[in-house]
Amino acid sequence: RAGEKPPSLLSLADLSVEEISTLLRTAMTFKHLYKNAGPRGLIRTLENQTVALLFSKRSTRTRVASETSTALLGGHAMFLGKDDIQLGVNESLEDSAKVIGSMVDGIMARVGAHSEVEELVKHSPVPIINALSDLYHPTQILADLLTMHEMYDTSSALAKTPISAERPQRELSNFVNSTIDPLAALKGKKIVWVGDTNNVLNDMLVSLPRLGMTIAVASPKGYDKVDERVWAAVQSGGAAENVILTNSPQEALKGADIVVTDTWISMGQETEKQARLDAFEGYQVTEKLCAEAGANPDWKFMHCLPRKPEEVDDDVFYGKRSVVFQEAENRKWTIMACFDHFIGRWKL
Ligand code: CP
Ligand code: NVA
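Using UniProt numbering, you'd call the opening residue of the sequence shown number 115 and step up by one each time.
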């Protein structure tokens with residue numbers, strides 16, 4: 115595909131509802147094939163290819179998901195941490211993007227400012243996937259959507275599909291190309307975010323309303339402003355009426371089907387720790403808060419992890435409502451779908 119601009123994924127705002135749905139069908143198929151037929155059930159669209167994992171911040175889930183899914187797709191993942199390469203110390207982002215991009219087939223990049231991942235897209239000859247910037251975390255929300263699908267679509271068409279491990283490619287194509295909508299059971303659900311207006315929330319804001327869900331956000335004054343780039347994307351998504359913004363957790367939580375939060379102190383905000391702990395007092399997710407606010411009696415709890423105890427107590431985090439570890443595992447199947455779609459198949 116010489117001369118063609120490579121595809122990239124910087125935010126779910128980049129994707130149509132149909133594209134999100136296709137990525138989820140792919141992730142569901144990978145998970146189902148692997149669980150039923152083991153590694154031989156998978157296809158190898160990254161055979162003889164290398165994915166660079168360019169990470170300027172710590173990571174457990176995103177890194178492990180990226181490395182293991184690249185291996186299962188037959189490729190090689192090369193981890194390039196901030197202390198390993200010249201980037202940021204002796205070399206610019208532009209030069210690094212050109213050099214690394216000339217030797218690998220795709221780049222999964224975890225950066226500080228969102229402009230850094232945009233700069234990579236500008237100069238890289240290969241696809242870029244955003245593995246977290248200060249503005250967005252698209253692969254996290256794909257995993258969250260897969261988890262929500264598993265929560266609500268218990269009669270999933272895929273679960274009933276007989277799998278032939280001998281013909282994984284055919285199974286994959288049949289399901290991925292079908293008109294089955296993994297998001298159908300999510301329509302009308304109320305997702306409530308209690309916490310900081312951060313990168314993880316932002317990708318929910320630009321996707322969930324378009325998928326027919328309501329998202330209510332409760333954040334304290336001073337931490338309640340949705341970034342204007344995100345709000346512009348919410349509005350161009352055409353479903354801004356499905357977003358509720360408030361300072362009151364009690365108001366937001368009324369009728370909640372899923373309660374979500376994240377750390378109050380994202381990576382890079384460590385010096386603001388005390389001010390943030392003070393500002394977010396009263397925003398910890400607990401059974402008492404949700405019950406008093408009138409959440410749906412069988413509300414579920416989600417969190418992208420890593421978790422600190424201040425934003426959610428142990429009873430909720432380790433309790434029966436929590437799907438956080440299923441959500442973490444789903445990072446793998448959804449990142450695998452992204453690598454297959456944006457890197458492996460782009461070349462085909
Ligand atoms: N949720 C998430 O992105 O976790 P890591 O920082 O461990 O990758
Ligand atoms: N909001 C968090 C997410 C980590 C996965 C951060 O940016 O540090």
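Cβ atoms here follow ideal geometry from the backbone N, Cα and C, with glycine treated the same way.
- Distance from the Cα of LYS368 is smallest, within the candidate group ILE379, MET327, TRP413 and VAL348, for TRP413.
- Shortest Cα-Cα distance from MET381 to any of VAL437, GLY226 and ALA151 involves GLY226.
- Note: GLU205 is bridge-paired with LEU201 in the DSSP secondary-structure output.
- Sixteen is the threshold: since fewer than 16 other Cβ atoms of the shown chains lie within 10 Å of the Cβ of TYR432, the residue is exposed.
- Distance between LYS145 and ALA185, taken at the CA atoms: about 15 Å.
- Relative to ligand 2, even the nearest heavy atom lies 7 Å or more away from the CB of VAL331.
- Cβ contact annotation for VAL314 (same chain, cutoff 6 Å, sequence separation greater than five): HIS251, GLN254, ASP376 and CYS418, in chain order.
- With 6 Å as the limit, the residues whose C-beta approaches a heavy atom of ligand 2 more closely than that are LEU246, ASN312, ASN313, VAL314, ASP376, THR377, SER380, MET381 and CYS418, in chain order.
- Of the candidates ALA298, ALA347 and GLY408, ALA298 places its Cα closest to the Cα of LEU138.
- Between the alpha carbons of VAL203 and LYS387 lies a distance of about 27 Å.
- Here PRO423 is exposed. Its C-beta has fewer than 16 other C-beta atoms within 10 Å.
- Sequence-distant partners of VAL357 (beyond 5 residues in either direction) whose C-beta falls short of 7 Å from its own C-beta, in its chain, are LEU319, PRO323, ILE329 and VAL348.
- Look at the region 413–440 and you find these whole runs of beta strand (DSSP E), each 3 residues long or longer: 414–417.
- Secondary structure at LYS304: strand, using DSSP grouped into helix, strand and coil.
- Going by beta carbons, ALA409 and ALA370 fall inside the 8 Å limit.
- Remark: the C-beta of THR385 is outside contact range of ligand 1, defined as less than 7 Å to any heavy atom.
- When Cβ pairs closer than 8 Å are counted between the two stretches, the region 230–246 is seen not to touch the region 430–446, the count staying below three.
- In this structure, GLN440 has its beta carbon at no less than 7 Å from each heavy atom of ligand 1.
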